[in-house]
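Sequences listed follow chains A and B, in order. Under this note's numbering, the first residue of the first sequence is numbered 1074, with each subsequent residue one higher. Under this note's numbering, the first residue of the second sequence is numbered 5, with each subsequent residue one higher. Ideal Cβ placement from N, Cα and C applies to all residues, glycine included. Since we're looking at a predicted model, the values are computed, not measured.
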Amino acid sequence: MKQFKGRPVVAGSCTAEALVSHGGFNTLASFQGALQFGNFPILGNKYKQTECDDQNNSDLFGKPMLNKALCLPQTIGSTTGGMVLYCANAMKKAPACMLFSEHIDSLAAAGAVLSAVWTDKPMVTVDCLGDEFLDYVKDGMKITVAEDGTVTVE
Amino acid sequence: MDYKMTLTDEQKAILDGVKGETMAKVMKTLVMYGDAFGAEKMVPVTSTKGHLVTSFGLKVMAPVYDLMDQLIEGGAVSGQKFSVDPKPLDPNVPAGFLENFVFNKFMYSMQNSYDAQLSKLGLADTDAYTCTCYMDEVGNKPKKGDILSWAESSAVVYANSVLGAKCNRNSGIIELFGSIVGYVPYFGLLTDEGRKATWIIEVKTESKPEAQILGSAIGMKVMEDVPYIKGLDKWLGTELTDDVCSYLKDFGAATASNGAVGLYHIENLTPEAVEQGENLVAPGAKVYVIDDAELKRVKDSYPVMWKDKNGAPALCFVGCPHLSLAQLNEWTENVAAALKKNGLKKVTVPTVFTAAPGVIEEFNKTPNAGVLKGTGVVLSYICPLMYMNNPLCKKKRVITNSNKLRTYTTSRYYTSDEILEEITRGAK
């Protein structure tokens, strides 16, 4: 077990299973399948499970993101990113929390803040957890986030 | 709410609800957003117009439409008129029966109602749909020093770098909120410190580098940092002519999409670099040297996402970001000349050129409009990226000279010269 202290961008507590992206997380590319096609059963279970649709992200491609503790350096890609995160959260297709090793970027911050102010389920968001956090955490580990931004990995 | 930044009495009053609950939530969002970046204050948006990145009526964006309804009902509409990114659909663009069915009945079935929402929120006019709102023919060109609340990445980097305006790389919705309240948090690219370059790029090529590849190389290297580029004035000169601005538009879009660049400086060319020179370079800036071999390495690294990598192209897009009037004329003349040289009358790959409605209107007044029509090229106001953003197009062999389109879709990148060759040669 190891603890990391970060900065709560959207404070809250939660427990979830880790899902780790070592490269930048492309929000639009990751969620576009789940958001666009998740309501069409004919397209199969893949999109209902909010599997990551970003073929350029070898860590996450094809893995379900719903209710996971998404561990990442920063988000990258289209400046629709914040809006996409907000939609994912409002549509109950988002991770349980987002845990950034680096300072949060402007697109992810927008998504986190929009979810906090305009939905009834803020997405817990912590940044500045450090490179060691991303080196240590692995897919499937148990993550517990405290209100003060302390992240316990076990 | 608890917040760290200093607000004026007027801003505090808005946050406390003097202009209604909805406006208070809009302000709260911006304050929380600014606090995340240590913004010390909010500053007024000074541009005449805003610009929104979200133009598409995707059925699945229901939460966005709900939010827009809340804003309209709460009287929280934009204080400035705005333009918006291009529409996703145009009946003139080639599409099969299944594609048209999916586009119109499923994906973009909310387009008309979303367009109506945009009108109520402050859309400048029904032709204000383009990613290149800063073109003279469109009329949303900020002045040097203007503070903007924009999000479209290619427009933000152009406004910051070429026009000398000041804008952060905001997200969709956040940019609308800034235009509604009339203030944006003061951090990042709005500050003198945030506009300093932390990279020096030394361009040492033997010829004028392809804008889209040079931008890609720099974007991938510096990510969200600010580069100060030396050696490019050798190829571009020191004047911001129409051709140079078109080059910088495409170059900047590649830096922003292949990385996350919001501002670049080009020695002896862009406004702040002309004024301040190397004083713009922060101490300890890293150095990246780009020669022809490096550009080739970058181009060769692009993955080909086609299932049949040797298959013939099914469609070609040129104009992401939208073409300038100068580019439309140049492409038209080049295509016509290449077809004549090859003994052909029409392009041999279905091809779409895209530009802003205002640019198309001006182009249509020129003799080249008839020439382009004669070549079989379709001229459209569409957003190629939105057109391709679906599983049906993932299987389509699309070619483009846009590094942005390549990055976000399965389209295959070719240089402009290669594209010209592809679309004007006979069957193999």
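Check: At the 8 Å Cβ level, is K253(B) part of the contact set with chain A, yes or no?; Outcome: no
Check: Report the CB separation of K124(B) from V81(B) in whole angstroms; it is logged as a contact under 8 Å.; Outcome: 7 Å
Check: If I measure Cβ to Cβ from C1087(A) and keep anything under 6 Å in the same chain, skipping five residues before and after, which residues do I get?; Outcome: A1169, C1170, V1197, V1218
Check: Applying the criterion that 16 or more other CB atoms from any shown protein chain within 10 Å of the CB defines a buried residue, is Q1076(A) buried or exposed?; Outcome: exposed
Check: Using a Cβ-Cβ distance cut-off of 8 Å, determine whether Y1209(A) contacts chain B.; Outcome: no
Check: Along the region 401-417 of chain B, what residues have a CB closer than 7 Å to any CB found in chain A?; Outcome: Y412
Check: In angstroms, rounded to a whole number, what distance separates the CA positions of D304(B) and Y417(B)?; Outcome: 10 Å
Check: Is there a Cβ from chain A that is less than 8 Å from the Cβ of V375(B)?; Outcome: no
Check: Would the beta-carbon of A264(B) be found less than 7 Å away from any heavy atom of the ligand FAD?; Outcome: In the structure on display, the ligand FAD does not appear, and there are no ligands present to speak of.
Check: When DSSP builds the beta bridges, which residues end up paired with T1088(A)?; Outcome: T1217(A)
Check: Would you call S211(B) buried or exposed, if buried means 16 or more other Cβ atoms sit within 10 Å of its Cβ?; Outcome: exposed
Check: Does DSSP put Y138(B) in a helix, a strand or coil?; Outcome: coil
Check: Rounded to the nearest angstrom, what separates M1156(A) and G347(B) at their Cα positions?; Outcome: 49 Å
Check: Mapping the DSSP letters down to three states, classify A1107(A) as helix, strand or coil.; Outcome: helix
Check: When we look at the beta-carbon of N104(B) and count the other beta-carbons within 10 Å, is it buried (16 or more) or exposed?; Outcome: exposed
Check: For chain A, check one thing: does any of its Cβ atoms lie closer than 8 Å to the Cβ of T33(B)?; Outcome: yes
Check: Using a beta-carbon distance cut-off of less than 9 Å, what residues from the region 1171-1190 of chain A approach chain B?; Outcome: H1176, I1177, D1178, S1179, L1180, A1181, A1182, A1183, G1184, A1185, V1186, L1187, A1189, V1190
Check: How big is the Cα-Cα spacing for L389(B) and M1074(A)?; Outcome: 44 Å
Check: List, in order along the chain, the chain A residues whose C-beta lies closer than 9 Å to that of N174(B)?; Outcome: T1152, G1155, S1179, L1180, A1183
Check: Applying the criterion that 16 or more other CB atoms from any shown protein chain within 10 Å of the CB defines a buried residue, is K8(B) buried or exposed?; Outcome: exposed
Check: State yes or no: is the C-beta of W335(B) within less than 8 Å of the C-beta of L327(B)?; Outcome: yes
Check: Check each residue of the region 1075-1090 of chain A: if its Cβ is closer than 7 Å to any Cβ of chain B, include it; give the result in chain order.; Outcome: V1082
Check: Would you report the Cα separation of K29(B) and M1164(A), rounded to the nearest angstrom?; Outcome: 20 Å
Check: If contact means a Cβ-Cβ distance below 7 Å, which residues of the region 148-166 of chain B contact chain A?; Outcome: A155, E156, S157
Check: Can you pull out the residues from the region 28-58 of chain B whose beta carbon lies closer than 8 Å to at least one beta carbon of chain A?; Outcome: K29, K32, T33, M36, Y37, A40, F41, V57, T58
Check: Reducing DSSP to helix, strand and coil, say where Q1128(A) ends up.; Outcome: coil
Check: Strictly under 8 Å for the Cβ-Cβ distance: is N481(B) near chain A by that measure?; Outcome: As displayed, chain B neither begins before 5 nor continues past 432, which places residue 481(B) out of reach and without an answer.
Check: Taking 8 Å as the CB-CB cut-off, is C1160(A) touching chain B?; Outcome: yes
Check: Chain A partners of A318(B), CB-CB under 8 Å?; Outcome: Those within 8 Å of A318(B) in chain A number zero; the least Cβ separation is about 20 Å.
Check: Compute the distance between the beta-carbons of K32(B) and V1190(A), then report whether it is under 8 Å.; Outcome: yes
Check: Starting from V1167(A), find everything on chain B with Cβ-Cβ shorter than 7 Å and list it in chain order.; Outcome: Residue 1167(A) is actually Ala in this sequence, not Val. Per Cβ cutoff of 7 Å: no residues; A1167(A) is ~11 Å from chain B at best.
Check: Which two residues bound the contiguous alpha helix (DSSP H) that contains I177(B)?; Outcome: Premise fails: I177(B) is in no alpha helix (DSSP H) and is neither H nor E.
Check: Which chain A residues sit within Cβ distance under 7 Å of I178(B)?; Outcome: G1155, A1183
Check: Beta strand (DSSP E) containing L1172(A): first to last residue?; Outcome: 1170-1173
Check: I want to see whether chain B comes within less than 8 Å of M1308(A), judged by CB atoms only; does it?; Outcome: Since the displayed chain A opens at 1074 and closes at 1227, residue 1308(A) lies outside it and no answer follows.
Check: To which residues does DSSP link I1149(A) through a beta bridge?; Outcome: N1099(A)
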